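Engineer: Numbering (the UniProt record's numbering), first residue to last: 1 to 167. Ideal Cβ positions, reconstructed from N, Cα and C, are used throughout, including at glycine. None of the values given here were measured: they were computed from a predicted structure. For reference, the structure I am asking about is given below.
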């Protein structure tokens, strides 16, 4: 098992490349040459508009999302970069279900492609609950380079962890 928990499951040659970048203090250079700018969606209102714009483009007929927000309680080590939940409430004699999306506040300062990847991932859960073939097909429909961005987001999280160790 790799000492890079965000990269577990990736081929050893990719993990070795990232470890070499870390050892040579070049991981930041790699990431920020590919993704030089952070996004401007810093608060929950801006995040909501961003997510709904993507939803309206690709998932118009899907259920509404009642709450979209950054969540500083999500812990990325537990694989919770974002969450999609259904909240069910009894309303009189009816059972009402609401969709909620929460994205880790760590992405407030991230490059926009990483926020886009997390958003697409959580939106895909509106239609597909499981991480199955249909789920990933929907992700790549909304974001053709989804898999590369997922990997690079994990590299970004690895970078953030290495920075914590230096402070």
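What span of residues does the alpha helix (DSSP H) with residue 176 cover, start to end?
Structural biologist: Lying outside 1 to 167, the shown extent of the chain, residue 176 is not represented and no answer is given.
Engineer: If you draw a straight line from the C-alpha of residue 146 to the C-alpha of residue 117, how long is it?
Structural biologist: 6 Å
Engineer: Check whether the region 4-16 touches the region 133-141, taking contact to mean three or more Cβ pairs, one atom from each stretch, closer than 8 Å.
Structural biologist: no
Engineer: If you compare alpha carbons, which of 70, 109, 21, 34 is closest to residue 101?
Structural biologist: Taking residue 101 as reference, the option from 70, 109, 21, 34 with the minimal CA-CA separation is 70.
Engineer: Please give the ranges of any beta strand (DSSP E) in the UniProt domain "YgjP-like metallopeptidase" (49-149), keeping only runs that are unbroken, at least 3 residues long and fully inside the region.
Structural biologist: 65-71, 82-91, 94-104
Engineer: Taking the Cβ atom as the reference point for each residue, do residue 134 and residue 99 lie within a distance shorter than 8 Å?
Structural biologist: In this structure, residue 99 does not lie closer than 8 Å to residue 134 by Cβ.
Engineer: Identify, in the order they occur along the chain, each residue of the same chain with its Cβ nearer than 8 Å to the Cβ of residue 44, setting aside the five sequence neighbours on each side.
Structural biologist: The residues 68, 69, 70, in chain order, have a CB closer than 8 Å to that of residue 44 in the same chain once the five nearest residues on each side in sequence are set aside.
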